[in-house]
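When we follow the working numbering, the leftmost residue of the sequence shown carries the number 3, and every step to the right adds one. Glycine residues also receive a C-beta, built at the ideal position from the N, C-alpha and C atoms. In this text, all values refer to a predicted model and were calculated from it rather than measured experimentally.
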Amino acid sequence: MAKRVAEIFRNTIAELAVVKQWQPRVARLEATFNKESHMRTRFTVNGEPREVEHDTRATLLDILRDQLGLTGTKKGCDHGQCGACTVLVNGKRVNSCLCLAAMHEGDEMTTIEGLGSPEALSALQQAFVSRDGYQCGFCTPGQIVSATAMLEELRAGDPSFASASLNGDMPLEDAEIAERMSGNLCRCSAYPLIREAIAMAAEVKS
Ligand code: FES
Ligand code: FES
3 MAKRVAEIFR
13 NTIAELAVVK
23 QWQPRVARLE
33 ATFNKESHMR
43 TRFTVNGEPR
53 EVEHDTRATL
63 LDILRDQLGL
73 TGTKKGCDHG
83 QCGACTVLVN
93 GKRVNSCLCL
103 AAMHEGDEMT
113 TIEGLGSPEA
123 LSALQQAFVS
133 RDGYQCGFCT
143 PGQIVSATAM
153 LEELRAGDPS
163 FASASLNGDM
173 PLEDAEIAER
183 MSGNLCRCSA
193 YPLIREAIAM
203 AAEVKS
């Protein structure tokens, strides 16, 4: 079993090394993996510097939840398919269940806990409450973190598959929101209210 895990890990490293911008991180990961099974990684979470000691194979999701106690980030599928584990890494949304913690030395993370507090909700958090954009709430942290980055992508002019033009106006219509949020699943199917909440927050912020 351990041999098989090591083989999968090495194959993953080899695939990542093809991308030039990942090469320094891959080199660090490979060196550590060959020497020992534990390592230290330093990064910033919600504005606080953190240092964690972890198994080289630990995912960012498990470190956030189990070591740092940030349980707002949810584990749904653990396979990159539901978006419940979405966090921001250097301002971009990622599925933290697909990220090895070892590859985030020096990065800045934001989790749902870092976007607002019960006393000072972010515009999106407030809109989800106002529009009732949830039922059980399990997917909600991932939806809100993902939508936070999505609105930034929209402001930066990044088109989606649903955008009418690649560089023209991209009005935040229902289909545009649905496409841009398609990586975040909701098992309660609260999609119409989730989209309403996002549209409401976008108006508040614009
Ligand atoms: S738990 Fe990460 S995408 Fe589902
Ligand atoms: S509100 Fe229950 S999974 Fe989305």
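In this structure, ligand 1 has a non-hydrogen atom nearer than 7 Å to the beta-carbon of residue 84.
The alpha-carbon separation between residue 180 and residue 68 amounts to approximately 32 Å.
Secondary-structure assignment with DSSP links residue 90 through a beta bridge to 95, 112. Here the distance from the Cβ of residue 189 to the nearest heavy atom of ligand 2 is below 7 Å.
Taking the C-beta atoms as reference points, residue 151 is found no nearer than 8 Å to residue 164. By the Cβ rule, the region 101 to 110 counts as touching the region 46 to 60, because three or more pairs are nearer than 8 Å. Short note on residue 22: C-beta not closer than 7 Å to any heavy atom of ligand 1. Residue 52 and residue 170 have their C-alpha atoms spaced approximately 41 Å apart. A check of alpha carbon separations from residue 146 across 168, 87, 77 identifies 87 as the nearest.
It is roughly 5 Å from the alpha-carbon of residue 84 to the alpha-carbon of residue 187.
197 is the residue among 158, 190, 157, 197 whose C-alpha sits nearest the C-alpha of residue 132.
When beta bridges are read from the DSSP output, residue 51 appears opposite 46.
In the DSSP assignment, residue 102 forms a beta bridge with 61. For residue 80, the shortest separation between its Cβ and any heavy atom of ligand 1 lies below 7 Å.
Not a single heavy atom of ligand 2 lies less than 7 Å from the C-beta of residue 99.
If you check the C-beta of residue 94 against ligand 1, you find no heavy atom less than 7 Å away.
Note that the C-beta distance between residue 45 and residue 107 is below 8 Å. Linking residue 80 to residue 97 through their CA atoms gives a straight-line distance of about 9 Å. Residue pairing by DSSP places residue 41 opposite 56 in a beta bridge.
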